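FYI, the numbering for the sequence shown is 351 to 526, going by the working numbering.
We put the beta carbon where it would ideally sit given N, CA and C, even for glycine.
Just so it is clear, the structure is predicted and the values come from calculations on it, not from any experiment.
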Amino acid sequence: MEVSPPQESIRGTQWRTSYQPVSYRLDSKLGTEAEFKAMVEQCNAAGVGIIADVVLNQTTGSDVAAGEQTGVVGTRYNGTTGDYPGFTGESNRYPDGVTAADFHDYDNGANISDYKNQQEVQEGRLSSMWDFDTSSEKVRQIQSDYLTKLYNMGVQGFRMDEVKHVNNEDMKAIKD
Numbered sequence: 351m352e353v354s355p356p357q358e359s360i361r362g363t364q365w366r367t368s369y370q371p372v373s374y375r376l377d378s379k380l381g382t383e384a385e386f387k388a389m390v391e392q393c394n395a396a397g398v399g400i401i402a403d404v405v406l407n408q409t410t411g412s413d414v415a416a417g418e419q420t421g422v423v424g425t426r427y428n429g430t431t432g433d434y435p436g437f438t439g440e441s442n443r444y445p446d447g448v449t450a451a452d453f454h455d456y457d458n459g460a461n462i463s464d465y466k467n468q469q470e471v472q473e474g475r476l477s478s479m480w481d482f483d484t485s486s487e488k489v490r491q492i493q494s495d496y497l498t499k500l501y502n503m504g505v506q507g508f509r510m511d512e513v514k515h516v517n518n519e520d521m522k523a524i525k526d
């Protein structure tokens, strides 16, 4: 069974808000980490595997999430400056989270306009959303920690949202 992205996201009731993470905390508008873990365990016990939809390409849009804000469970972030202190990795490995330096800056933060240009597709912004620099060891580690946590909880597979926007070698490094 596929489940929506379980991480903390921007506030809002529209489905698309779940695809704008502000941290990889497993507390979200869909429930707490404990509730998510219990659901995964119950499904696995009944022979139903869980596939988690995960968002590794981007965070929030700099247009709709501008300025200082808080996610659905209170993690602060700034969609204007690219300050997302909630992305810390396992055991608070990166206590300051991610900053603008951890995102691609293709054409000064321009949105993707040419889908035939691979670099633009993989480093440009999708609808103004900050695009993770997945070639960065720090970003890779934070994302790998997130996937590992889900796997260790019993999640049996992943659907990678917007994976075409992530360089193949970067995705391989995150999964390894």
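Please say whether residue j and residue i have beta carbons closer to each other than 8 Å?
i, j, result
"Asn407", "Glu473", "no"
"Val489", "Val448", "yes"
"Ala402", "Leu476", "no"
"Gly411", "Ser463", "no"
"Gln419", "Gly429", "yes"
"Asp452", "Asp483", "yes"
"Gly436", "Thr425", "yes"
"Lys387", "Met503", "yes"
"Tyr369", "Val405", "yes"
"Gly421", "Ser359", "yes"
"Arg366", "Val423", "no"
Under the three-state reduction of DSSP, which class applies to residue i: helix, strand or coil?
i, result
"Val489", "helix"
"Ala395", "helix"
"Arg475", "strand"
"Met510", "strand"
"Tyr496", "helix"
"Ser354", "coil"
"Asn461", "strand"
"Asp526", "coil"
Can you grab the Cα-Cα spacing for the pair residue i / residue j, in whole Å?
i, j, result
"Phe508", "Asn458", "31 Å"
"Asp377", "Tyr496", "13 Å"
"Tyr444", "Gly399", "31 Å"
"Ala395", "Trp480", "38 Å"
"Tyr434", "Ser486", "16 Å"
"Lys514", "Tyr465", "10 Å"
"Thr409", "Gln357", "11 Å"
"Gln364", "Cys393", "26 Å"
"Met510", "Glu352", "12 Å"
"Glu383", "Val471", "33 Å"
"Asn467", "Glu519", "17 Å"
Compare the C-beta of residue i against all C-beta atoms of chain D and say whether one is closer than 8 Å.
i, result
"Leu497", "Checking the listed chains, one finds no chain D in this structure; it contains a single protein chain."
Only counting the same chain, and skipping five residues up and downstream in sequence, which positions put a Cβ closer than 7 Å to that of residue i?
i, result
"Gly439", "Gln491, Ile492, Asp495"
"Glu391", "Gly504"
Output needed for residue i: all residues of its chain with C-beta closer than 6 Å, excluding positions within five of it in sequence on either side, in chain order.
i, result
"Ile524", "Arg490, Gln493, Ser494"
"Asp526", "none"
Who are the near neighbours of residue i in its chain, counting only those whose CB is closer than 8 Å to its CB and skipping five residues on each side?
i, result
"Asn461", "Gly474, Arg475, Leu476, Ser477, Ser478"
"Gln469", "Tyr456"
"Thr498", "Glu440"
"Gln506", "Asn394, Gly399, Ile400, Ile401"
Ordered list of alpha helix (DSSP H) runs contained in the region 363-429, each at least 4 residues: If you keep only unbroken alpha helix (DSSP H) runs of at least 4 residues inside the region 363-429, you get 383-395.
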